[in-house]
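Comments concern the structure below.
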Amino acid sequence: MKDSVSVIGAGTAGLIAAKRLAQLGVETTVYDQKKVLGHPVRASGILSIRGLDGLGIDYGRAVTNTLHGARIHSGGETMEIRAGAPVAKVLDRKLLNDLCHDEAVANGANVMLGSRVAGHALEALSEANIVVGADGAVSEVAKHFRMGDIGRYAVTYKAEYNIRHDDPGLVDLFFDPGVSRGLFAWFCPNAEDILEIGIGVDSKAGNAKASFQKFLSLPRVYSVIGSSRPVSEGASIIPLALRTKIVDNDRGIVLVGDAAGQVKPSTGGGIIYGGNASLMAARSIKNHIEGNASLEEYRKAYMRKYSLDTRLHAFANWIYSRAGEKEFGFALRVLRGLGVGSFLGRYGDMDMPSSILRNLLLGITFA
Ligand SMILES: Cc1cc2nc3c(=O)[nH]c(=O)nc-3n(C[C@H](O)[C@H](O)[C@H](O)COP(=O)(O)OP(=O)(O)OC[C@H]3O[C@@H](n4cnc5c(N)ncnc54)[C@H](O)[C@@H]3O)c2cc1C
């Protein structure tokens, strides 16, 4: 019986899993190909406060801004969703990665940097250890152990500018299928004087950098950046669907985070879903080691918690990926008129949209 764990990948998902495994008394070693963790930063860090608080990370030091809501733009229309209280934090992704590393190590996990694991090395580790594949969207672990597919990806490009946002408490989301089919473009005030501009497109629909350039040339975007030069920029990839297989109980393989496609398909945000999956995976691995319980427990727990919400996020993506800009703009005007922006500001949950349905049902039941 294998009683120790090799985690491949020291992103947030791998490190959250390693910390919890170590807390549960399981011998755990994390391997990452990078020598400097979390660098270069290719992703953003907008995380709901509720979701963050559930991950058990002492994240305060990584916070660079606080958000109250969002503005959604399409077809010349805008709908604002503003909550009465802060709903999300913007985190420095490098610092968040460092904090997760320090917490994993402080709890007893070993972390080996500069260690790429693939092929024979991966096979050898799996013979003696349970393997947690936390190696991101293009997972070597998933490929090596034939863990099924992720049906859909988005490619992204983003850059940071020394620009002050007109409202540092709001993130702007731009839906224009002519520029960003399959996802959207965004302005995020990462900090008081740092504006991040980014774009995501379905990997089959276009090239992220070309789409980014096109977005920058739109008059409303150009009027914001003018002649500013980016202080950092880069491309990346986001899974937009859950991988068809995330557990192989017989071989002792478990996938978490982007490797498992644990993201919200409407936005590509994956830290909260992936982080919670890591906590569930750690518990299931501990039960497996102690009592021979099936690792499938983990998959079942994940599906119980996130299946409905993943479908709702996928449905939102399905709608906006098909709507033309004019139709989307019209829908925004109608929704704004119906007060949907204020409703979402009050009752919305950026991670768990099913809670809005629950609130509505409760409201109807007790009205
Ligand atoms: C542009 C962009 C914006 C985003 N914005 C948000 C957001 O606002 N909020 C949010 O929640 N999410 C966001 N995301 C998604 C989020 O970044 C991911 O869901 C999250 O980083 C996944 O974490 P992970 O640990 O699963 O994978 P990763 O962060 O990709 O970490 C994987 C690690 O595995 C290592 N690795 C890979 N292969 C090997 C190997 N063979 N051997 C050893 N090590 C290996 C890599 O070096 C890496 O360190 C965004 C993503 C992008 C691209």
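Add 808 to a position in the sequence shown, counting from 1, and you land on the number used in the working numbering. For each residue, glycine too, the CB sits at the ideal point set by N, CA and C. It should be emphasised that the depicted structure is a prediction, and the values quoted were computed from it without experimental measurement.
Would you tell me roughly how many angstroms separate the C-alpha atoms of residue i and residue j, rounded to the nearest one?
{"i": "I854", "j": "Y1155", "result": "19 Å"}
{"i": "R1144", "j": "S1102", "result": "48 Å"}
{"i": "Y839", "j": "E888", "result": "43 Å"}
{"i": "G1153", "j": "R869", "result": "27 Å"}
{"i": "G1069", "j": "I1054", "result": "9 Å"}
{"i": "N1125", "j": "A896", "result": "21 Å"}
{"i": "E1098", "j": "M809", "result": "10 Å"}
{"i": "K1017", "j": "A1139", "result": "29 Å"}
{"i": "G862", "j": "N1084", "result": "8 Å"}
{"i": "Y969", "j": "L1050", "result": "33 Å"}
{"i": "E1004", "j": "V1142", "result": "29 Å"}
{"i": "G1132", "j": "R989", "result": "10 Å"}
{"i": "W1176", "j": "I1033", "result": "No answer is possible for residue 1176: the residues shown for the chain start at 809 and end at 1175."}
{"i": "P1161", "j": "A945", "result": "24 Å"}
{"i": "G1065", "j": "L904", "result": "15 Å"}
{"i": "K966", "j": "L1087", "result": "30 Å"}
{"i": "Y1106", "j": "L875", "result": "32 Å"}
{"i": "N1015", "j": "L991", "result": "13 Å"}
{"i": "R1037", "j": "P997", "result": "16 Å"}
{"i": "A1175", "j": "A891", "result": "Note that A1175 scores a pLDDT of 47, beneath 50, so its modelled location is shaky and nothing firm can be said."}
{"i": "S764", "j": "S1129", "result": "Residue coverage of the chain in this structure runs from 809 to 1175, which leaves residue 764 outside it and unanswerable."}
{"i": "R1119", "j": "L1026", "result": "33 Å"}
{"i": "H881", "j": "F1151", "result": "18 Å"}
{"i": "D1001", "j": "I1093", "result": "44 Å"}
{"i": "L921", "j": "R1059", "result": "25 Å"}
From which residue to which residue does the beta strand (DSSP E) around residue i run?
{"i": "V1029", "result": "Here V1029 belongs to no beta strand (DSSP E); instead the alpha helix (DSSP H) covers P1027 to I1033."}
{"i": "H881", "result": "G877 to S882"}
{"i": "G941", "result": "I938 to G941"}
{"i": "N905", "result": "Counting along the chain, N905 falls outside any beta strand (DSSP E), though it belongs to the alpha helix (DSSP H) covering R901 to A914."}
{"i": "N998", "result": "A993 to A999"}
{"i": "G1042", "result": "S1040 to P1047"}
{"i": "I1002", "result": "I1002 to D1010"}
{"i": "M920", "result": "N918 to M920"}
{"i": "D980", "result": "L978 to F982"}
{"i": "L1063", "result": "I1061 to L1063"}
{"i": "G854", "result": "Note on residue identity: the sequence assigns Ile, not Gly, to residue 854. I854 to S856 is the span of the beta strand (DSSP E), which, as asked, contains I854."}
{"i": "V813", "result": "S812 to I816"}
{"i": "V838", "result": "E835 to Y839"}
The alpha helix (DSSP H) that contains residue i, what's its start and end?
{"i": "M887", "result": "Where M887 is concerned, there is no enclosing alpha helix (DSSP H), although the beta strand (DSSP E) it sits in stretches over E885 to R890."}
{"i": "M1158", "result": "Looking at the DSSP string, M1158 is not in any alpha helix (DSSP H), and its letter there is neither H nor E."}
{"i": "K966", "result": "Per DSSP, K966 belongs to no alpha helix (DSSP H); it is in the beta strand (DSSP E), Y961 to Y969."}
{"i": "D1117", "result": "E1104 to R1130"}
{"i": "V1093", "result": "Contrary to the premise, residue 1093 reads as Ile rather than Val in this sequence. Here the alpha helix (DSSP H) through I1093 covers I1079 to G1099."}
{"i": "V987", "result": "P985 to S988"}
{"i": "L1024", "result": "A1016 to L1024"}
{"i": "I824", "result": "T820 to Q831"}
{"i": "V1142", "result": "E1133 to G1145"}
Establish whether the CB of residue i and some CB of chain D are separated by less than 8 Å.
{"i": "D943", "result": "Here chain D cannot be found, since the structure has a single protein chain."}
Just to confirm my understanding: we take residue i, look at its own chain, exclude 5 residues before and 5 after, and list those with CB closer than 7 Å. What are they?
{"i": "A1090", "result": "A825, R828, L829 and L832"}
{"i": "Y1030", "result": "L1024"}
{"i": "A1186", "result": "No answer is possible for residue 1186: it lies beyond the span of the chain, which begins at 809 and ends at 1175."}
{"i": "P848", "result": "G1042"}
{"i": "G956", "result": "R1051, T1052 and K1053"}
{"i": "S1163", "result": "D1157"}
{"i": "I958", "result": "P1047, A1049, R1051 and G1069"}
{"i": "G846", "result": "R901, K902, N905 and D906"}
{"i": "Y867", "result": "L860, L899, L904 and L907"}
Run the CB neighbour count on residue i, radius 10 Å, all protein chains shown included, and call it buried at 16 or more, exposed below.
{"i": "D1159", "result": "buried"}
{"i": "L899", "result": "buried"}
{"i": "N873", "result": "buried"}
{"i": "G1149", "result": "buried"}
{"i": "F1123", "result": "exposed"}
{"i": "I1080", "result": "buried"}
{"i": "G1076", "result": "buried"}
Identify, in the order they occur along the chain, each residue of the same chain with its Cβ nearer than 6 Å to the Cβ of residue i, setting aside the five sequence neighbours on each side.
{"i": "I1061", "result": "V939 and F953"}
{"i": "K1072", "result": "H1121"}
{"i": "N1057", "result": "S1102, L1103 and E1104"}
{"i": "Q841", "result": "R924"}
{"i": "T886", "result": "R879"}
{"i": "R850", "result": "G1042 and S1044"}
Can you list, in chain order, the residues of its chain with a C-beta nearer than 8 Å to that of residue i? Leave out the 5 residues immediately preceding and following it.
{"i": "R1166", "result": "none"}
{"i": "A1067", "result": "G817, A821, G941, A942, D943, G944, A945, S947, V949, A950 and R1051"}
{"i": "A893", "result": "H876"}
{"i": "S812", "result": "V834, E835, T836, T837, A936, N937 and I938"}
{"i": "G1006", "result": "S852, T964, Y965, K966, A967, A993, W994, C996 and F1020"}
message = Does the region 933-952 come into contact with the region 970-979, if we say contact requires no fewer than three beta-carbon pairs (one atom in each stretch) closer than 8 Å?
response = Contact between the region 933-952 and the region 970-979 is absent: fewer than 3 CB-CB pairs across the two stretches fall below 8 Å.
task = May I ask you to verify whether the region 905-920 touches the region 829-836, counting CB pairs closer than 8 Å and requiring at least 3?
result = Result yes; three or more Cβ-Cβ pairs closer than 8 Å.
ask   = Is it a yes or a no for the region 841-860 touching the region 1115-1135, going by three-plus beta-carbon pairs under 8 Å?
value = The region 841-860, when compared against the region 1115-1135, does not touch it at the 8 Å Cβ threshold.
key: Touch test, the region 961-972 against the region 996-1013, Cβ-Cβ under 8 Å, three pairs minimum   = Yes: at least three Cβ pairs fall under 8 Å.
query = With contact counted as at least three CB pairs below 8 Å, one residue from each stretch, are the region 983-990 and the region 918-937 in contact?
reply = Note that the region 983-990 does not touch the region 918-937; fewer than 3 beta-carbon pairs, one per stretch, sit closer than 8 Å.
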